[in-house]
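Note that the sequence shown covers residues 403 to 870 in my numbering.
Down below is the structure, laid out as C-alpha cells.
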Amino acid sequence: MRTARDIAAAVNAGTSARIEVEAALARAKADPNNAIIRIHAARALAQADAVDARIKAGEQLPLAGVPVAIKDNLCLTGVETTCCSKILKGFIAPYTGTAVARLEAAGAVIIATTNQDEFAMGSSNETSAFGPVKNPVDPTRIPGGSSGGSAASVAAGIVPLALGSDTGGSIRQPASLCGVVGMKPTYGAVSRYGLIAFGSSLDQIGPFAANAADAALALKLMAGHDALDSTSVAHDASAWDASQTDVLKGLKVGWCPAHVAGLAPGVKARLDAAKAALVKAGATLVEISLPHEQYAVAVYYVLATGEASSNLSRFDGIRYGHRTTDAANLGEVYAKSRVEGFGAEVQRRIMLGTYVLSTGYYDAYYKKAQQVRAKICQDYADAFAACDVILGPASPTTAFKVGEKTADPLQMYLSDIFTIATNLAGVPGLSVPFGADEQGLPVGMQLQGPMWSDGKLLAIAGALEKLR
Ligand code: GLN
C-alpha cells in the first residue's frame, strides 16, 4: 500500500483521484475481514471528481484523492451511521462531523464505514451488531477494539488512513494488535462535533495509518478549535510532523516498572528491545511511577459508564432509530425499544452508569472516582517533571482468539489496563508497531506525553519506525 502522502503527491501532480478511489472501493468490496460495513461508492466517486476538478483548477491539496474509511460513530451527511447498534439502524446523519469535514476539505475521500464495538464499548470488536472483525494478521484472532474495523482496514491495505475514536484505548489497542499506528490526541485537540458521544470527558477522534508521518498529516489537518465543540482548543498544530530528525538525542524516556509486571513474554521482549534501541540512539531511560494508575480501570468504569448512561438516554425509540412495534403505552415504547435495540454490553454499561449516578450512591462512586481521576492527573504531572515521554506497552498481550474473553467482562476490561489512564488525564498517547511476538503477532509500543506534546510523540514514533 502506498502512503497517503505518496497518493496525494501523485494526484496533485495530475494523476487522478477517481482512479485512486475506484481502486480503494474495489479493495473495500473484497474485504475478507468484516472490517468494512458500508461502502459509499456513488458519494466517493462524486467527491473524487470534485477533487480532480480542484486540482485541474490549480489547487494543491494535502490529502488529494486519499481514500479514507471512518468508524461507524462518525456522522457523514446522507450516510447511515449506527455505532454498529441495532438501535440506530436506519439513522441517516443530517450533517458531517468537523474532523471528517476537515479531511474532506483537504482532498480526502471517505470511501467506507468501518465496523466497531457497539457504541465503542469493547476491546475486541465482538459486541458489534454486524459481527466480529477478523485480524488481518491472523483471522482466527480479534483485531482489538473498539475501532477494530478501522485498524483492520489499514492493516489489510484497503485504505492508507482511517479514523477511530478513543475513550479508554479504542484507537491505540487495536492499532497495537493489528500492527499499525494509532493515536489518541490531547483532549480538546480534535473537535468531537459529529462523533456520537460515549464518555464526553474522555472521547477523542484520532487517526490510524500505516506509518507515523501519515498519522501526523491527518491529525494536524483535523486539529484546532471548532465553534461547534466548546471543549476544542485553539492550538497551533501546523508543526506536528513525524520527520523531525534528532528527536531521540538527549530525550528522557520514562518507563514504569508496573507496566512490565505480568506482561506477555513476547510483549516484554519487544519493550526491552525498544528501550535498548532508544538508548543506543542517544535517549536516556528514567524510571518513573504512576502510583494511582492501578485504580484507572476502576475509575474509568464508574466515570465512562456514568457519562454513557446520560449520553445514551437520547436513544429512546422516539427520536432516532429503532422503535418497538409491541408497546401498550409510552413507558413501554421507551423500555422495549431500548431492550430490543441495545446489545448486552451496552445495557450492562447503562445500568452500571445509572447506578453510580443515582441519589445516595453518587458520592460513594462518581464523586470518589472524580477525586481519584484528579490524583491520576497529578501522577502524570509529576512523571513529566522527570521525563519527556513515557514508553510502555499499548496492550498487555498480542491479539487474542475470537471468543476467548467474551464470557468474562472483567478480563476484557483489563485489555485496556495501559491505555485508560491516558484518557482520564487528557494527555496524548499513540501506539506504534515495534515488531512481533514469537507467534508473529504485532506488538505496539505506547508513547504518552504531556498535554500538547502530540507533535513530539509522532516524531518519536517516526524515529522508532526507523529503529525497528
Ligand atoms: N475498551 C474500552 C471500553 O470498552 C475502551 C473503549 C473506547 O476507548 N471506546 O470501554
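We put the CB at the ideal spot given by N, CA and C, even for glycine.
Residue i versus residue j - alpha carbon distance
{"i": "residue 632", "j": "residue 588", "result": "15 angstroms"}
{"i": "residue 617", "j": "residue 698", "result": "27 angstroms"}
{"i": "residue 591", "j": "residue 690", "result": "26 angstroms"}
{"i": "residue 358", "j": "residue 852", "result": "The structure shown has nothing for residue 358, since the chain only spans 403 to 870."}
{"i": "residue 496", "j": "residue 479", "result": "5 angstroms"}
{"i": "residue 451", "j": "residue 420", "result": "6 angstroms"}
{"i": "residue 530", "j": "residue 624", "result": "27 angstroms"}
{"i": "residue 564", "j": "residue 470", "result": "5 angstroms"}
{"i": "residue 800", "j": "residue 411", "result": "35 angstroms"}
{"i": "residue 818", "j": "residue 570", "result": "7 angstroms"}
{"i": "residue 702", "j": "residue 670", "result": "25 angstroms"}
{"i": "residue 717", "j": "residue 723", "result": "8 angstroms"}
{"i": "residue 665", "j": "residue 685", "result": "24 angstroms"}
{"i": "residue 544", "j": "residue 535", "result": "6 angstroms"}
{"i": "residue 824", "j": "residue 459", "result": "44 angstroms"}
{"i": "residue 487", "j": "residue 518", "result": "9 angstroms"}
{"i": "residue 414", "j": "residue 457", "result": "6 angstroms"}
{"i": "residue 760", "j": "residue 485", "result": "26 angstroms"}
{"i": "residue 558", "j": "residue 765", "result": "47 angstroms"}
{"i": "residue 781", "j": "residue 768", "result": "20 angstroms"}
{"i": "residue 577", "j": "residue 842", "result": "15 angstroms"}
{"i": "residue 652", "j": "residue 857", "result": "17 angstroms"}
{"i": "residue 779", "j": "residue 839", "result": "32 angstroms"}
{"i": "residue 734", "j": "residue 762", "result": "27 angstroms"}
Any non-hydrogen atom of ligand 1 within 8 angstroms of residue i CB
{"i": "residue 575", "result": "yes"}
{"i": "residue 818", "result": "yes"}
{"i": "residue 517", "result": "no"}
{"i": "residue 457", "result": "no"}
{"i": "residue 825", "result": "yes"}
{"i": "residue 711", "result": "no"}
{"i": "residue 497", "result": "no"}
{"i": "residue 706", "result": "yes"}
{"i": "residue 815", "result": "yes"}
{"i": "residue 600", "result": "yes"}
{"i": "residue 764", "result": "no"}
{"i": "residue 547", "result": "yes"}
{"i": "residue 409", "result": "no"}
{"i": "residue 572", "result": "yes"}
{"i": "residue 730", "result": "no"}
Contact set for residue i: own chain, Cβ-Cβ below 7 angstroms, skip 5 residues either direction
{"i": "residue 728", "result": "738"}
{"i": "residue 446", "result": "423, 427, 511, 512 and 513"}
{"i": "residue 707", "result": "751, 754, 755 and 758"}
{"i": "residue 681", "result": "687"}
{"i": "residue 747", "result": "520, 523, 524 and 529"}
{"i": "residue 431", "result": "441"}
Other residues of its chain near residue i: CB distance less than 6 angstroms, five sequence neighbours each side excluded
{"i": "residue 602", "result": "709"}
{"i": "residue 429", "result": "560"}
{"i": "residue 568", "result": "586, 606 and 608"}
{"i": "residue 649", "result": "861, 862 and 865"}
{"i": "residue 634", "result": "590, 593, 627 and 628"}
{"i": "residue 743", "result": "488, 489 and 724"}
{"i": "residue 695", "result": "823"}
{"i": "residue 443", "result": "427"}
Distance between beta carbons of residue j and residue i, contact taken as under 8 angstroms
{"i": "residue 516", "j": "residue 492", "result": "With a Cβ gap of about 19 angstroms, residue 516 and residue 492 do not count as contacting."}
{"i": "residue 788", "j": "residue 646", "result": "Not confirmed; about 23 angstroms, so no contact."}
{"i": "residue 463", "j": "residue 509", "result": "3 angstroms"}
{"i": "residue 612", "j": "residue 556", "result": "6 angstroms"}
{"i": "residue 797", "j": "residue 575", "result": "5 angstroms"}
{"i": "residue 835", "j": "residue 661", "result": "Not really, about 18 angstroms apart at Cβ, beyond 8 angstroms."}
{"i": "residue 566", "j": "residue 532", "result": "About 16 angstroms; that fails the 8 angstroms criterion."}
{"i": "residue 572", "j": "residue 596", "result": "The pair is not a contact, with the Cβ atoms about 17 angstroms apart (cut-off 8 angstroms)."}
{"i": "residue 620", "j": "residue 644", "result": "Between residue 644 and residue 620 the Cβ distance is about 11 angstroms, and since that is not below 8 angstroms, they are no contact."}
{"i": "residue 562", "j": "residue 409", "result": "7 angstroms"}
{"i": "residue 676", "j": "residue 847", "result": "5 angstroms"}
{"i": "residue 526", "j": "residue 807", "result": "7 angstroms"}
Same chain, Cβ closer than 8 angstroms to residue i, neighbours up to 5 away in sequence not counted
{"i": "residue 483", "result": "474, 475, 476, 477, 490, 493, 494, 495, 515 and 598"}
{"i": "residue 688", "result": "654, 655, 656, 657, 788 and 789"}
{"i": "residue 506", "result": "449, 498 and 512"}
{"i": "residue 859", "result": "585, 791, 830, 831, 832, 849, 850 and 851"}
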